[in-house]
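In the numbering used here, the protein residues as written are 1 to 474.
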C-alpha cells in the first residue's frame with residue numbers, strides 16, 4: 001500500500017511539471033500573437049479601373065417646343081389638355097393625317113382688316129386702270145398735236161420765204177408764226193402731262209404692290225389664329241385658358257407661352273459639369289444615370305452635346321451644360337426630374353489597383369534610410385511620399401509607390417508593388433498610426449480564433465453544468 005502511494009505521488013509531480021511546461025509554451029505563443037496588431041490584409045492582383053466624374057442634372061425632352069402666338073388675340077378654343085398626345089400630321093399618308101389643332105384664336109378683327117385691305121387693293125387697281133386710259137388718250141392727242149405742229153412748221157417756213165420776196169404781208173407771216181408757237185406750246189404741255197401721269201402711275205403701282213403685301217400679311221395673320229402641333233409628341237404644360245388674350249413677343253419680351261409640346265420618346269440628362277472636370281468630358285462617352293425618382297434603377301446614356309461657354313450656379317461656381325442622351329425605358333420619366341450622372345472618362349485594364357485608403361502620405365524623413373534612398377518612388381525634392389504597407393514574415397514593410405488615377409474606391413499603382421504582394425488595407429484608424437516593421441495579423445484569423453475559443457468555452461461550460469456521478473464502494 002505504501003509503495004502504491006509513492007508511485008502515485010511521483011506520477012502526479014511528473015504530470016504537473018509537464019502541464020506547467022505546456023501551459024508556459026501556450027502562454028508564450030498566445031502572448032506572441034497578442035503582440036501583433038489585427039489588420040485587414042489583401043493580396044495585390046491585376047484588375048481593371050474606370051475613371052469617371054459625377055455631376056448633378058435634370059431630365060429634359062430632347063425635343064420640345066414652346067407654343068406661342070404670332071398675333072395678339074383672344075383664345076376661343078383649347079381642344080387638348082395637358083398630357084394629351086398630339087401629331088404634326090402626315091400629308092403623304094393614305095389617307096393623309098391632318099395636324100392636331102392646339103389653339104384657336106379669335107380672328108374677327110383680323111378678318112375685318114383683311115377685307116378692308118382687299119377693298120383698298122381693288123380701288124387702287126381701278127385707279128391704275130383709269131390712269132392708264134388717261135395716259136393712252138393723252139398720248140393719242142399728243143400725236144395729233146405733233147402732226148399739227150409739223151404742218152404749222154412747214155407753213156411758217158413757206159410764209160417766211162414769201163415774206164422775203166414780198167409776196168405776202170407781214171401780218172400774214174405773223175399769223176403763221178403765232179400758230180407755230182401755239183402748237184409748240186401745246187406739244188410741250190401734253191408731254192409734261194403724260195410724264196406726270198406716268199409718274200403717278202408708277203407710284204400707284206408701287207402702292208398696289210404694298211397693299212398686296214399687306215393682304216398677304218393679313219391672310220397670314222388670319223392663318224396664325226389656328227395653331228397646329230409642330231411635332232408628334234405630348235402636351236407637357238398649358239399656361240393659358242380660353243378667354244385669355246395672348247400677346248406676341250418682342251426683343252425684350254418673349255410673349256405668352258401658351259403651352260409646351262415635347263417628344264418624350266427621347267430624353268436628355270442635362271448635367272452641370274464643374275469646370276474642374278469638363279476637360280475630361282468628350283462627345284460619345286458612356287454614362288450611367290441615377291434618377292432620384294427611380295433610385296433602384298440605372299439608366300445608360302451617351303454624351304451628345306457640350307456647351308462651349310459656362311454658366312454660373314447660385315453659389316457662384318462655374319459649370320458647363322452637358323447633354324446626355326438617355327437609353328432604355330425613358331417613357332416613364334418626367335421632364336424636370338433630378339438625377340446624378342457618372343460619365344466614364346477613361347478605362348484602364350490589366351493594372352495593379354488597391355483600395356484608396358491603403359495608400360497613405362508619409363514624411364520622407366520618417367521613412368527608413370534603406371527604403372528612401374535611391375528609391376524611384378521617392379522624390380527627394382518633396383517632403384512627402386505616398387506609401388503602402390506590405391507584409392513580409394508577419395511584419396509591415398513601408399513601401400513607397402507611384403500612384404495613378406483612381407475612382408471612388410480604388411487607385412492605380414504605377415510602380416512599387418507587384419502582383420501577389422500582401423498589403424494592409426485597413427482599418428483606416430490603424431493605418432493612420434501603423435509603423436514600419438510592426439507585427440500584424442490578419443483580422444480574419446483573429447476573428448476565427450475568437451469564435452473557436454468561444455465555441456470551446458461554451459462546450460466547457462456545458463460540460464461543467466452536467467451533474468457529477470457519485471461512486472459507491474461495497
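Each residue gets a CB set at the ideal place from its N, CA and C atoms; glycine is no exception.
**Report entry** Proximity to residue 76 [Cα-Cα], best of 197, 246, 364 and 56
**Finding:** 246
Query raised in the report: Comparing alpha-carbon positions, which option in 43, 429 and 50 lies nearest residue 286?
Result: 50
Requested in this report: Taking residue 97 as the reference, give the member of 87, 66, 103 and 105 with the closest Cα.
Outcome: 87
Requested in this report: Run through the region 257-326 for me and flag every whole beta strand (DSSP E) of 3 or more residues, listed as ranges in chain order.
Outcome: 257-274, 286-291, 298-306 and 318-326
Query raised in the report: Distance, Cα to Cα, residue 31 vs residue 384?
Result: Only weak support is given to the placement of residue 31: the predicted model assigns it a pLDDT of 42, under 50, and the question is left unresolved by the model.
Query raised in the report: In terms of alpha-carbon separation, which member of 114, 141, 340 and 230 lies closest to residue 213?
Result: 114
Query - Spatial distance of residue 272 from residue 307 (CA atoms) - result: The alpha-carbon atoms of residue 272 and residue 307 are separated by roughly 10 Å.
Requested in this report: Give the secondary structure of residue 389 by DSSP, where H, G and I count as helix, E and B as strand, and everything else as coil.
Outcome: strand
Query - Proximity of residue 53 and residue 280 at Cβ, strictly below 8 Å - result: yes
Query raised in the report: Where does residue 164 land, buried or exposed, given buried means 16+ other C-beta within 10 angstroms?
Result: exposed
Query - residue 61 vs residue 262 beta-carbon contact at 8 Å - result: yes
Query raised in the report: Where does residue 57 sit, in a helix, a strand or coil, going by DSSP?
Result: strand
**Report entry** beta strand (DSSP E) segments (min. 3 residues) lying fully within the region 55-135
**Finding:** Residue ranges of uninterrupted beta strand (DSSP E) with 3 or more members, entirely inside the region 55-135 and ordered along the chain, are 73-77 and 101-105.
Query raised in the report: At what residues does the alpha helix (DSSP H) containing residue 421 begin and finish?
Result: Where residue 421 is concerned, there is no enclosing alpha helix (DSSP H), given that its DSSP letter is neither H nor E.
**Report entry** DSSP-derived helix/strand/coil call for residue 160
**Finding:** helix
Query - Residues near residue 266 by beta carbon distance below 6 Å, same chain, minus five either side - result: Here the set comprises 62.
Query raised in the report: Helix or strand or just coil, what does DSSP make of residue 38?
Result: strand
Requested in this report: Please state whether DSSP places residue 165 in a helix, a strand or coil.
Outcome: coil
Query - Coarse secondary structure for residue 2, derived from DSSP in three states - result: Residue placement at residue 2 is flagged as unreliable, the pLDDT there being 47, under the threshold of 50; a coordinate-derived value is accordingly withheld.
Query raised in the report: Between residue 187 and residue 217, what straight-line distance do the alpha-carbon atoms span, to the nearest angstrom?
Result: Whole-angstrom Cα-Cα distance: 45 Å.
Query raised in the report: Are the Cβ atoms of residue 365 and residue 396 separated by less than 8 Å?
Result: Taking 8 Å as the Cβ cut-off, residue 365 and residue 396 do not qualify as a contacting pair.
Requested in this report: Please confirm if the region 318-332 is in contact with the region 387-394, defined as three or more CB-CB distances below 8 Å between the two stretches.
Outcome: no
Query raised in the report: Which value, in whole angstroms, describes the spacing of the CA atoms of residue 458 and residue 354?
Result: Looking at the two C-alpha atoms, the distance is approximately 39 Å.
Requested in this report: Give me whichever residues DSSP pairs with residue 355 in a beta bridge.
Outcome: 410.
Query raised in the report: For residue 55, which option in 323, 379 and 415 has the closest C-alpha, if you only look at C-alpha atoms?
Result: 323
Report task. Take the Cβ of residue 110 as the centre, count every other Cβ of all protein chains shown within 10 Å, and call the residue buried at 16 or more, exposed below. Result -> buried
Query - Distance, residue 157 Cα to residue 151 Cα - result: Within the model, the alpha-carbon separation for residue 151 versus residue 157 is close to 10 Å.
Query - Rounded C-alpha distance that separates residue 316 from residue 305 - result: 23 Å
Query raised in the report: Thinking C-beta only, is residue 413 closer than 8 Å to residue 405?
Result: no
Query raised in the report: What do you reckon, are the CB atoms on residue 37 and residue 440 nearer than 8 Å?
Result: yes
Report task. Tell whether a beta-carbon distance below 8 Å holds between residue 67 and residue 260. Result -> yes
Query raised in the report: In three-state terms, what does DSSP make of residue 360?
Result: strand
Query raised in the report: Since residue 366 is in the alpha helix (DSSP H), which residue starts that stretch and which ends it?
Result: No alpha helix (DSSP H) contains residue 366, which DSSP labels as neither H nor E.
Query raised in the report: Closest to residue 57 by CA distance: which of 424, 401, 336 and 403 is it?
Result: 336
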